[in-house]
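These notes concern the structure reproduced below.
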Amino acid sequence: MTLLRTALALATLAFVLPATAADATRIPHLDGDIVIDGVLDDAAWSQAVPVELGYEISPGDNTPSPVHTTMRMASTRDALYLSFHALDPEPSKIRAHLTDRDGPYRDDFVGVMLDTFDDHRRNYEFFVNPLGVQMDLIREEATSNEDDSWDGLWTSAGRITADGYDVEMRIPFSTLRFRNTQGAKQWGVIGLRSYPRNVRHQLANVVIPRGGNCLLCHAAKIEGMEGVQQGRNLEVVPTLTVTDAESRDRRDGDWHGEGVQVEPGVDVSWAPSPNLTLNATINPDFSQVETDQAQLDLTSNFALYFPEKRPFFMEGADYFNTPFQVLYTRQIANPDYGLRITGRTGSGAYGAFVARDATTQLLVPGVLGSGFDVLEQPADVLVARYRHDLNASTSIGLVTTARHGDDYRNDVAGVDGRWQHGGHTVVAQLLRSDSQYPTSLGFADNAPSGAAWRAQYDYETRNWFASSWHEKVDPGFRADLGFIGQVGYDKSLVGGGYNWFFDKGSKINRVQLYSDFDITHRFDGQLLERELEARLSLNGPLQSNFGVQGLTRSRFWDGRLFEESYINLFASAIPRSGVQLGGNFRTGPQIDIAASRRGHGRFFDVNGSVALGRGLSVNVDLFQQSLRRDGGTAFEATVLDTRLAWQMDPRQRLRMTVQASNVDKDPALYTHPVNRHARDIGAQLVYSYKVNPRTAVYAGGTLGGFLDDEHRDLFASSRGVFFKLSYGWQP
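So that you can map any letter, position 713 of the sequence shown is 717 in our numbering, and since no number is skipped, the others follow by simple counting.
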């Protein structure tokens, strides 16, 4: 989630008081279609019902909107139509750029949230910037998670005018899921406009009080749409991926690879009813076009987390969310096929999928660290999740994951519950696992088993918020399809804070003070960590967020306790349209994990993005981490991640990524051999042409190199080219 999308979430997701019952707005039926071209000249728009976005919900506290916005809504038998007439007193200051889909959250934009089941559980979000670039998400009310991996098939257009901008949207009913009632349908609707200037104004059609944990409770009601047609709800997407990758281990070495690999596949999606969706894939294309964000951490002994980017796993991921992350789909590394079902009942939701994975990747957890291992054998995968809503405030859920191979199995099952009322939320989960591993892996226990449980209470009002939780994970607990990197511990946390909101016109519009205390023990009672943390943050002009964070803790490592602490300064701002700057600086005593010695650490991160015109943008992230001890610099690591993108038009995009890392260590300060100097560099160039999210062409190449003490000169160690084609067919 981008910084400004996070700001949008913070501005809108913290609302709780139940809305006053009101009559639903009737959505008129149109006899003919409207041309989606960004020009509001179709006569049919005069039949649409107008809805004013009259409230500023952030930073204003439901004050009158500073600019005028009219949303119009109507429907035909097969689609919902929306238009937005967004007036602006200074049209030259409208922020609008050509970007890839789901990209322009820092721009001006308008859109709508649709609670199509009208149950305050899950909603669709459709947003469009003034140039017609689409953003669509699915938001889960229980966790406030927004998932932009979901890509619906819908049409939009935008146009900047002399007095603001206009947007038109056509959302086919086949893109949505809703109750298949015979008569009129009732949905929840929130219209939104993001108006970024010195501050980011968030405008809505409804009053949304600050504080609490229910946004959809305040949605306006619309009704109508009798006899709408969802079509066949069948989509077939054949794919073709061609790759040729090679590598070598020294400058004068031979290049090795498997030659040109041609992988055809097909994905099928079918929704036999509005409450049920089936997805099947044969020889699926799980290739990842976008490079992961560069990461490096020399002060942690736990595996790094990388988000999922593969479409088959990202879509519908919210169906499988639980308090513990028992599903981390990047653990399914190379599947041969997959079958998924997701759906809703009158009182709940369910999801399940099976897959055959050609490689069994393991996240091996421990008390003080974790890492990845690979078991060279295929495995069968099963994941299932069901949630039942007892009433509007209470739900219970069941989850199970299973992965089986030769002399290997891992089974996890559990139950969870959630209660939410007003500003109070209680969440709990209990899991049990049973596993069997081959002796070839060399584990101390080849048949571990154990339990994990967590209980959490949160409270939030307009100004106050607090949280407390406790979790315990047995040493033998394993969730091989999840991302649970620590076992054999119990941990408790209590924390809270206060928000100060300031009147419109103040340079500072919000100040937040937060503090928490947590303590962690090993399963045998040994103290692992005792930590006190505090943070002061302010939201100010230029859409800025800045502040200071402090931490002090006792941390167990290599048989004894170390004292660590740091002060962290952070800031971010958007000084003008298309420019975002941010950074943080941290300093204080910390452990050198590799040497089990205490030193003085320093970390800084500087990042920014600049739009050069409508379609060209540059993103740079530079961070450095170092530790001084025993009269010298034990290590210094620098990582650079640079991304250049040229959006030629709404369909064509050229992107180049360059990532580099440099690590220097002083061998004299370590008792075991270490590389004095190591450097990695990699580059990727990708061209894409997208007709829609399903029909697209990608072509590109990669090149990587490294050096270390054994290979003192930088040399090319990997190279490759790829081509990917997909076509979305709806018979």
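Quick reminder that beta carbons are idealized off the backbone N, C-alpha and C, glycines included.
Residue closest to residue 640, alpha-carbon to alpha-carbon, out of 647, 436 and 630: Ranking 647, 436 and 630 by Cα distance to residue 640 puts 630 first.
Contact between the segment 48-61 and the segment 143-150 (3+ Cβ pairs under 8 Å): no
Beta-bridge partners of residue 684, as assigned by DSSP: In DSSP, residue 684 forms a bridge with 665 and 710.
Under 8 Å between C-beta atoms of residue 700 and residue 730: For residue 700 and residue 730, yes; Cβs fall inside 8 Å.
Residue 423 versus residue 123: straight-line alpha-carbon distance, rounded: Roughly 15 Å separates the two Cα atoms.
Continuous beta strand (DSSP E) stretch holding residue 418: start and end: 412-425
Same chain only: Cβ atoms within 6 Å of residue 505, ignoring 5 sequence neighbours per side: 514
Residues bridged to residue 248 [DSSP beta-bridge criterion]: 725
Whole-number beta carbon distance between residue 574 and residue 551, since they are thought to touch under 8 Å: The beta-carbon separation of residue 551 and residue 574, rounded to 6 Å, stays under the 8 Å limit for a contact.
Identity of the residue in 348, 503 and 226 nearest residue 540 by Cα: 503
Sequence-distant residues of the same chain with beta carbon closer than 6 Å to residue 706, five excluded per side: 688 and 724
With 16 other Cβ atoms within 10 Å as the buried cut-off, status of residue 94: So residue 94 counts as exposed.
For residue 648, the nearest candidate out of 636, 669, 622 and 642 (CA to CA): 622
Distance between residue 529 and residue 560 (C-alpha atoms, nearest Å): 12 Å
Inside the segment 529-596 only - beta strand (DSSP E) runs reaching at least 3 residues: 531-544, 548-561, 564-580 and 583-596
DSSP-derived helix/strand/coil call for residue 68: strand
Residue of 617, 367 and 637 minimising C-alpha distance to residue 606: Considering only alpha carbons, the answer is 637.
Min CB distance residue 411 to chain C below 8 Å: Absence of chain C from the displayed structure is noted, only one protein chain being present.
Bounding residues of the beta strand (DSSP E) (the contiguous stretch that carries residue 490): Element bounds for residue 490: n/a, residue is neither H nor E.
Anticipated Cβ contact below 8 Å, residue 492 with residue 478, distance rounded: Correct: roughly 7 Å between the Cβ atoms.
Local conformation of residue 158 per DSSP, three classes: Residue 158 falls in the coil class under three-state DSSP.
Whole-angstrom distance between residue 112 and residue 652, CA atom to CA atom: So the alpha carbons of these two residues sit roughly 20 Å apart.
Nearest to residue 449 (by Cα), restricted to the options 248, 438 and 401: 438
Straight-line gap, residue 460 to residue 212 (C-alpha atoms, nearest Å): 26 Å
Counted within 10 angstroms of its Cβ, other Cβ atoms place residue 25 as buried (16 or more) or exposed: Any answer about residue 25 is weak, because its pLDDT of 39 lies below 50 and its placement is not dependable; what the coordinates show is given next. Residue 25 is exposed by the Cβ-count criterion.
Own chain residues within Cβ distance below 6 Å of residue 604, not counting five before or after: By the criterion of a C-beta distance shorter than 6 Å, residue 604 is surrounded in its chain by 593 and 632, once the five residues flanking it on both sides are discounted.
For residue 259, three-class secondary structure by DSSP: coil
Bridge partner(s) assigned by DSSP for residue 56: 74
Secondary structure of residue 655, DSSP reduced to three states: Coil at residue 655, not helix or strand.
Nearest-angstrom Cα separation, counted from residue 89 out to residue 240: 36 Å
Neighbourhood of residue 364 by C-beta distance below 6 Å, restricted to the same chain and skipping five residues each side: 379, 381, 383 and 409
As assigned by DSSP and simplified to three states, the class of residue 200: strand
Proximity winner among 510, 508 and 495, relative to residue 521 (alpha-carbon distances): Ranking 510, 508 and 495 by Cα distance to residue 521 puts 495 first.
Inter-residue spacing [alpha-carbon to alpha-carbon] between residue 455 and residue 392: Residue 392 has its alpha-carbon roughly 23 Å from the corresponding atom of residue 455.
Cβ-based burial, residue 484 [other Cβ within 10 Å; buried from 16]: buried
Check whether residue 386 and residue 335 have beta carbons under 8 Å apart: Using a Cβ distance threshold of 8 Å, residue 386 and residue 335 do not count as a contacting pair.
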